[in-house]
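Structure, as structure tokens:
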Amino acid sequence: MKKLLKKLGLALLIVFVLAQFFGPEKNEGDLASIDAFLAETNPPEDVKIILKNACFDCHSDSTRYPWYNAITPVNYWLNDHIKHGKGHFNVSKWNDYSLKKKDHKFDELIEEVEEKEMPLHSYTWTHGDADLSAEQINAVVSWAKGVRTKYALQMKQPE
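Take the sequence shown: its position 45, counting from 1, is numbered 36 in our numbering, and each next residue is one higher.
Below, the structure written as structure tokens:
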């Protein structure tokens, strides 16, 4: 039985080592893809910093990867988070969204941040600067509500 466990352990170690040579495609797009979102929504500097530290890694085409992303299977887990985050809200595709969709995304942003659902707790464990204080939450929500007001006014204008 001991021999079998040793062989099984060795086989698992070999599989783990070999797995390190494979991984998902990285989300390493151009940071300039965020520019249209920033220009249109015009966040104040403190909110820009919050967005950079707490949002853009999973909600844009450019992710700052931590050192542990080099470890399989962790890299697949991170890739899944990024894929889902971008599927819900991708600031790099901001110009592709209709005005109504942009307004809806900001409505969701407000709700998720106010309820402390975003950023994800699993993200803030390793990114302490993304763990938002009450003051930071208020700043993001206030800015987002201002953007929604602008969108509401634009949607009321006749074309």
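All C-beta atoms, glycine included, are put in the ideal place defined by N, C-alpha and C. Please read these numbers as outputs of a predicted model, since none were measured by experiment.
Does DSSP classify residue i as helix, strand or coil?
i: Ser83; result: helix
i: Ser53; result: strand
i: Glu105; result: helix
i: Leu126; result: Residue 126 is actually Glu in this sequence, not Leu. Three-state result, Glu126: helix.
i: Asn63; result: In the sequence under discussion, the amino acid at residue 63 is Thr, which differs from the Asn named in the question. If DSSP states are grouped into helix, strand and coil, Thr63 belongs with coil.
i: Gln148; result: coil
i: Trp58; result: helix
i: Ser89; result: coil
i: Gly14; result: coil
For the putative contact between residue i and residue j, defined by C-beta atoms under 8 Å, what is the C-beta separation to the nearest angstrom?
i: Ser51; j: Asn81; result: 7 Å
i: Trp68; j: Phe28; result: That pair is no contact at about 26 Å.
i: His118; j: Asn44; result: 7 Å
i: Val132; j: Glu105; result: 6 Å
i: Ile41; j: Ala130; result: 7 Å
By Cβ distance below 7 Å, which residues in the same chain neighbour residue i in space, the five residues on each side in sequence not counted?
i: Trp134; result: Pro34, Pro35 and Val38
i: Ile101; result: Val132, Ala135 and Lys136
Take residue i and list the residues in its own chain whose beta-carbon comes closer than 6 Å to its own, dropping the five residues that flank it on each side.
i: Thr115; result: Ala121 and Asp122
Could you pull the DSSP bridge partners for residue i from this structure?
i: Glu19; result: Ser53
Closer than 8 Å by C-beta to residue i: which residues in its own chain qualify, once you throw out the five before and the five after it? Chain order, please.
i: Lys147; result: none
When the cut-off is 8 Å and only beta carbons count, does residue i lie next to chain C?
i: His95; result: This model lacks chain C altogether; it includes just one protein chain.
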